[in-house]
Ligand SMILES: Nc1ncnc2c1ncn2[C@@H]1O[C@H](COP(=O)(O)OP(=O)(O)OP(=O)(O)O)[C@@H](O)[C@H]1O
Ligand SMILES: [Mg+2]
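In this note's numbering, the protein residues as written are 3 to 418.
Quick look at the structure:
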């Protein structure tokens with residue numbers, strides 16, 4: 003097997019570290035050109051709210067996850083694309099303008115205008131993680147995605163800039179490199195999740211991706227195919243579990259079990275007489291608890307989270323731009339009733355976002371908790387050159403459908 007065609011995504015989450023090994027095939031067909039050949043997941047103990055707080059424990063979790071993926075795939079892993087999140091992330095939009103040198107805009111002009119757009123003062127303890135072009139304007143024409151080859155005298159770029167704490171990012175890289183592999187690229191986690199979950203059409207229409215992890219909820223808002231806002235909210239699935247543990251006076255592990263197996267956020271939909279038996283804290287007896295009480299506790303936290311999400315949309319003036327609705331992903335999206343409650347509270351169509359299927363172990367990966375790691379693997383594919391001509395296909399089925407609909411749109415435009 004040619005290791006050069008191997009791509010690796012490494013998601014270092016608050017609850018789990020996950021490695022996915024993909025193989026890029028030389029003779030692709032439309033869907034199967036990336037085949038998943040190895041998965042390694044291991045509980046994560048060294049992170050809090052998305053940031054490393056214990057190097058030793060984090061390194062151990064990464065090592066275990068890599069080892070499992072190595073064994074399953076049979077390939078040597080020497081580099082991976084990793085994700086970053088945590089409340090130290092701060093994103094904003096910026097713009098820059100340059101005069102076009104020749105008659106036609108060249109790649110060099112584009113590079114210059116992007117440099118101009120990112121020339122903003124950021125605090126010395128922060129570094130830029132992404133500068134993502136949203137649109138270019140040539141003279142008075144806006145909404146241009148690729149200006150190379152166009153004529154004009156004035157080139158303007160609008161970009162989304164993501165920054166993070168230098169030391170927290172260094173800690174993450176340090177943990178990865180301590181396992182003997184190289185962090186080939188760092189991607190903001192909700193951008194990675196968007197890649198594996200959202201279709202091009204949804205990004206065009208305007209959509210809010212909400213990745214509810216264990217320690218954080220990561221937001222990416224897309225409009226006209228561009229990222230217009232990203233944010234990390236320090237509330238995740240663990241907070242739902244902690245609320246249950248405190249309210250019912252039960253151990254954390256028992257609260258997690260109850261949340262996953264019996265939890266809901268819609269108390270009014272439950273039979274008021276339904277009960278379950280819960281294990282108390284050490285030294286106390288098991289007892290009966292009403293399911294509707296559990297749902298009240300979880301529902302209160304869900305209301306808080308959706309309230310924050312609604313505020314983010316309103317504060318950014320994006321209220322009328324989200325026609326594609328809200329897509330919930332990450333393991334926390336699986337709490338029962340969350341989608342219905344979200345639809346009601348955010349007042350937008352809401353669905354659970356599953357990663358689009360690949361070749362290989364697709365069934366195993368069809369879980370929202372793998373959205374980030376699959377997106378990181380795709381990022382790794384795009385940043386590497388392979389030993390054959392790159393296929394023309396897009397990375398997943400939903401993007402393919404999105405592009406298909408774009409081309410259909412242009413056909414309709416031509417007809418009418
Ligand atoms: N079936 C389920 N029902 C309810 N909650 C679930 C389910 N499965 C997983 N979860 C919750 O999802 C959360 C973990 O999600 P995920 O694996 O996406 O997080 P992570 O990537 O480790 O964390 P983060 O992204 O915050 O760093 C946990 O709080 C867990 O309780
Ligand atoms: Mg995560």
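Using N, Cα and C, we set each Cβ at its ideal position, and we do this for glycine too.
None of the values given here were measured: they were computed from a predicted structure.
- Contact between residue 374 and residue 195 holds: CB atoms are separated by about 5 Å, below the 8 Å threshold.
- Using a cutoff of 7 Å, the CB of residue 191 counts as near ligand 1, since one of the ligand's heavy atoms is closer than that.
- A direct Cα-Cα distance of roughly 12 Å separates residue 9 from residue 35.
- The beta carbon of residue 294 is closer than 7 Å to those of 269, 272 and 274 in its chain, skipping five residues each way along the sequence.
- Closest by C-alpha distance to residue 100, out of 205, 27 and 149, is 149.
- Going by beta carbons, residue 43 and residue 14 fall outside the 8 Å limit.
- When the Cα atoms are used, residue 348 and residue 308 turn out to be separated by approximately 6 Å.
- Cα atoms of residue 12 and residue 367: separation of roughly 14 Å, rounded to the nearest angstrom.
- According to DSSP, residue 92 shares a beta bridge with 165.
- Annotation for residue 330: no alpha helix (DSSP H) segment contains it, though the beta strand (DSSP E) segment containing it runs 328-331.
- Within its own chain, the residues whose Cβ lies closer than 7 Å to the Cβ of residue 166, once the five positions on either side in sequence are excluded, are 86, 90, 91, 128, 129 and 131, listed in chain order.
- Ranked by how close their Cα comes to the Cα of residue 68, the residues 182, 329, 247 and 230 have 182 in first place.
- Note that the C-beta distance between residue 230 and residue 211 is not below 8 Å.
- Cβ neighbours of residue 335 within its own chain (closer than 6 Å, five residues either side excluded): 214, 354 and 370.
- Relative to ligand 1, the beta carbon of residue 336 is positioned inside 7 Å of a heavy atom.
- The closest CA to that of residue 109, considering only 221, 151 and 97, is found on 151.
- As the crow flies, the alpha-carbon of residue 133 is around 46 Å from that of residue 250.
- Put simply, the residues with a CB less than 5 Å from any heavy atom of ligand 2 are 15, 215 and 374, in chain order.
- Here DSSP, grouped into helix, strand and coil, assigns residue 103 to coil.
- Note: residue 13 is bridge-paired with 20 in the DSSP secondary-structure output.
- Taking one beta carbon from each stretch, the stretch 375-386 and the stretch 15-27 have 3 or more pairs nearer than 8 Å; the two touch.
- Assignment of beta-bridge partners to residue 361 by DSSP yields 37.
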